[in-house]
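**Q** So for the sequence shown, numbering that gives the first Met the number 0 puts the first residue at 0; every next one is plus one.
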Amino acid sequence: MPLSRHLPPLAAFPRSRPRRLRRTAWIRSLVAEHRLCSADLIQPLFVLEGSDRSEAVASMPGVQRFTIDRLLPVIERCCALGIPAVALFPVTPAERKSAGGEEACNPENLLCRAMRAIRKRFPEIGIVGDVALDPYTSHGQDGLVEEGRVLNDETLDVLVRQACCQAEAGCDVVAPSDMMDGRIGAIRAALDGNGHDETLILAYAAKYASAFYGPFRDAVGSGGALGRADKKTYQMDPANGEEAIREVAHDIAEGADMVMVKPGLPYLDVVRRVKEAFQVPTMAYQVSGEYAMIKAAGEKGWLDADACMLESLLAFKRAGADAILTYAALETAERLRS
Ligand code: PBG
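(1) Starting from Phe88, follow the beta strand (DSSP E) in both directions and report where the run begins and ends.
(2) With H, G and I counted as helix, E and B as strand and the rest as coil, what does DSSP make of Gln161?
(3) Whole angstroms are fine: how far does the CA of Phe65 sit from the CA of Ala93?
(4) Could you give the residue range of the beta strand (DSSP E) that holds Gly128?
(5) Which residues mark the beginning and the end of the alpha helix (DSSP H) in which Lys119 is found?
(6) Considering only the alpha carbon of each residue, which of Gly99, Ala224, Asp177, Asp171 lies closest to Thr130?
(7) Would you report the Cα separation of Ala116 and Leu109, rounded to the nearest angstrom?
(8) Specify whether the stretch 313-326 and the stretch 36-47 touch according to this definition: at least 3 beta carbon pairs, one from each stretch, less than 8 Å apart.
(9) Buried or exposed for Thr232, going by 16 or more other Cβ atoms inside 10 Å?
(10) For Ala166, tell me which candidate among Tyr203, Leu143, Gly125 has the shortest Cα-Cα distance.
(11) Could you spell out the range, first to last residue, of the alpha helix (DSSP H) harbouring Thr331?
(12) Look up Tyr212 in the DSSP assignment and say whether it is helix, strand or coil.
(13) For a test of the three-state rule: what should DSSP assign to Lys261, helix, strand or coil?
(14) Count the other CB atoms, across all protein chains shown, that sit within 10 Å of the CB of Pro175; report buried if there are 16 or more and exposed otherwise.
(15) Between the C-alpha atoms of Ala57 and Ile26, what's the straight-line distance to the nearest angstrom?
(16) Taking only the alpha-carbon atoms, compute the straight-line gap between Phe88 and Glu48 and give it to the nearest angstrom.
(17) How is the beta strand (DSSP E) around Pro43 delimited, first residue to last?
(18) Would you mind sorting Asp141 into buried or exposed? The rule is 16 or more other CB atoms within 10 Å of its CB.
(19) Is the CB-CB distance between Cys170 and Ala328 below 9 Å?
(20) Whole angstroms is fine: what's the gap from Asn193's alpha carbon to Arg245's?
(21) Is the stretch 235-254 touching the stretch 268-286, taking contact as three or more C-beta pairs under 8 Å?
(22) Roughly how many angstroms separate the alpha carbons of Phe211 and Arg317, rounded to a whole number?
(23) With DSSP as the reference, label Arg4 as helix, strand or coil.
(24) What would DSSP say about Met179, mapped onto helix, strand or coil?
(25) Measuring only between beta-carbons, confirm whether Leu20 sits less than 9 Å from chain B.
(26) Whose C-alpha, out of Arg148, Ala24, Val159, His195, is nearest the C-alpha of Ile183?
(27) Are the beta-carbon atoms of Met257 and Leu190 separated by less than 9 Å?
(28) For Cys163, tell me which candidate among Gln234, Arg118, Cys111 has the shortest Cα-Cα distance.
(29) In whole angstroms, what is the alpha-carbon distance linking Ala314 and Glu146?
(30) For Asp217, I'd like the list of residues in its chain whose CB is within less than 6 Å of its CB, leaving aside the five on either flank, ordered along the chain.
(31) Would you say Ala84 and Val172 are within 9 Å of each other, going by their C-beta atoms?
(32) Could you tell me the alpha carbon to alpha carbon distance between Asp156 and Leu20, rounded to whole angstroms?
Structure (structure tokens):
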């Protein structure tokens, strides 16, 4: 922040000694401008078909995929630690994937079953559902594809049905991560028309075509399908900051309750700009690759992973994020408590 024009000039050294405010832990604590707490965090979770099973995600040390029954104790820990919400991502079996991603709109799909189970056992936790087709399409794109092109308006019809399906299953927040044009307005209208006017929309408004999503695509198994294709015709160019402001403006105008910037740490300038421009609830996603970098360097003994994680998450708050999606939510909440 620039110094306010109304402030008198700073006293010069030696009368001014900024280090006085850093001399002891108690004074540092009193003057700390930002604080990280478990109430700032959303825990993303990967859901697996079957029962009594969990699998480690190789490229995300410490992250596991869980079957629904094994997920419930994890949700219980989130509740106990004061994490307000979880974001669910399904690992769709290959035989349920198709070019049209029909499984996305199946009320009995894995994600909807997980939502119903969580809703029943833990009425107090927020459930965030990812709205996009990539977990369900055989080609790994977030929308319908025709002759190599990702179709916009045709995809909207499917996203709308997917969002209603999730709302029906007990999801509190639908979070479109697909980056199709016009999806927020279409989803808002459909939710309202189907008795879900209380369902929140968290728009992945400024979502970049990022290489930092690599480990996530391993975790949900959409990377193999995508192969060497990319998502650059709908996700944003990392070169652009002003475009993020326009994207967010569209999504707010179409009815988004909250907006998100993604990835997080490499895009903190975007978080700051969005927060300053709109003053709406702004979330940031510390994505899989950001998480993996810290964990991998920690495993090698090159970084103190725990300290880097806390510092990294605090940086999101300093940049203006109201909440952070992070795979490290649970471990961080535990560390903050002790
Ligand atoms: C799917 C989606 C992705 C992520 C969240 N939702 C991947 C993608 O867009 O390819 C990435 C999250 C992460 O890397 O942690 N639409």
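Heads up, the beta-carbon is just placed ideally off N, CA and C, and yes, glycines get one too. Every value quoted in this text rests on a predicted model; they were computed, and no experiment measured them.
**A** The structure says:
(1) For the purposes of this step, residue 88 is identified with residue 89 of the sequence shown, where counting begins at 1. 84-89 is the extent of the beta strand (DSSP E) around Phe88.
(2) On the sequence shown, position 162 is the one that residue 161 refers to. Reduced to three states, the DSSP call for Gln161 is helix.
(3) Reading the sequence shown from its first residue, position 94 is the one you call residue 93. Reading the sequence shown from its first residue, position 66 is the one you call residue 65. Between Ala93 and Phe65, the C-alpha separation is close to 17 Å.
(4) As a working mapping, residue 128 is identified with position 129 in the sequence shown. Residues 125-130.
(5) The sequence position of residue 119 within the sequence shown is 120, counting from 1. It spans 109-120 - the alpha helix (DSSP H) in which Lys119 sits, taken as one unbroken run.
(6) Sequence index remark: in the sequence shown, residue 130 carries index 131 (1-based). Position check: residue 130 holds Val in this sequence, whereas Thr was assumed. Closest option to Val130, Cα to Cα, is Asp177.
(7) Sequence index remark: in the sequence shown, residue 116 carries index 117 (1-based). Sequence index remark: in the sequence shown, residue 109 carries index 110 (1-based). Each residue's Cα considered, the two are about 11 Å apart.
(8) yes
(9) Counted from its first residue, the sequence shown places residue 232 at position 233. With fewer than 16 other Cβ atoms within 10 Å, it is exposed.
(10) Walking along the sequence shown from the start, residue 166 turns up at place 167. Ranking the options by Cα distance to Ala166, first place goes to Gly125.
(11) Against the sequence shown, residue 331 aligns to sequence position 332. Note, Thr331: alpha helix (DSSP H), 328-336.
(12) Locating residue 212 in the sequence shown gives position 213, counting from the first residue. Three-state result, Tyr212: helix.
(13) As a first step, residue 261 must be located in the sequence shown, where it is residue number 262. Lys261: strand per DSSP, three-state reduction.
(14) Against the sequence shown, residue 175 aligns to sequence position 176. With 16 or more other Cβ atoms within 10 Å, it is buried.
(15) Position 58 of the sequence shown, counted from the first residue, corresponds to residue 57. Position 27 of the sequence shown, counted from the first residue, corresponds to residue 26. Near 42 Å, if we compare the C-alpha coordinates of Ile26 and Ala57.
(16) The count along the sequence shown starts at 1 and reaches residue 88 at position 89. The count along the sequence shown starts at 1 and reaches residue 48 at position 49. About 12 Å.
(17) Within the sequence shown, numbered from 1, the residue matching residue 43 stands at position 44. 40-47 is the extent of the beta strand (DSSP E) around Pro43.
(18) Translated into positions along the sequence shown, residue 141 becomes position 142. Classification of Asp141: buried, given that the 10 Å Cβ count is 16 or more.
(19) Taking the sequence shown and counting its residues from 1, the one referred to as residue 170 is at position 171. Taking the sequence shown and counting its residues from 1, the one referred to as residue 328 is at position 329. Contact: no.
(20) Stepping through the sequence shown from its first residue, residue 193 is reached at position 194. Stepping through the sequence shown from its first residue, residue 245 is reached at position 246. Cα to Cα, the separation comes out at about 29 Å.
(21) yes
(22) Numbered from its first residue, the sequence shown carries residue 211 at position 212. Numbered from its first residue, the sequence shown carries residue 317 at position 318. Spanning the two alpha carbons is a distance of roughly 22 Å.
(23) Taking the first residue of the sequence shown as 1, we reach residue 4 at position 5. Arg4 falls in the coil class under three-state DSSP.
(24) Translated into positions along the sequence shown, residue 179 becomes position 180. If DSSP states are grouped into helix, strand and coil, Met179 belongs with coil.
(25) The structure shown contains no chain B; it is built from a single protein chain.
(26) Within the sequence shown, the letter at position 184 stands for residue 183. Checking every option, the nearest Cα to that of Ile183 belongs to Val159.
(27) Locating residue 257 in the sequence shown gives position 258, where the first residue counts as 1. Locating residue 190 in the sequence shown gives position 191, where the first residue counts as 1. For Met257 and Leu190, no; Cβs fall outside 9 Å.
(28) Numbered from its first residue, the sequence shown carries residue 163 at position 164. Per the Cα distances, Cys111.
(29) The residue you call residue 314 lines up with position 315 of the sequence shown. The residue you call residue 146 lines up with position 147 of the sequence shown. For Ala314 and Glu146, the distance between alpha carbons rounds to 43 Å.
(30) In the sequence shown, the residue the question calls residue 217 occupies position 218. If we look at Asp217 and ignore the five residues flanking it on each side, its Cβ neighbours are Ser58.
(31) Locating residue 84 in the sequence shown gives position 85, counting from the first residue. Locating residue 172 in the sequence shown gives position 173, counting from the first residue. Contact flag set, yes.
(32) Against the sequence shown, residue 156 aligns to sequence position 157. Against the sequence shown, residue 20 aligns to sequence position 21. Each residue's Cα considered, the two are about 57 Å apart.
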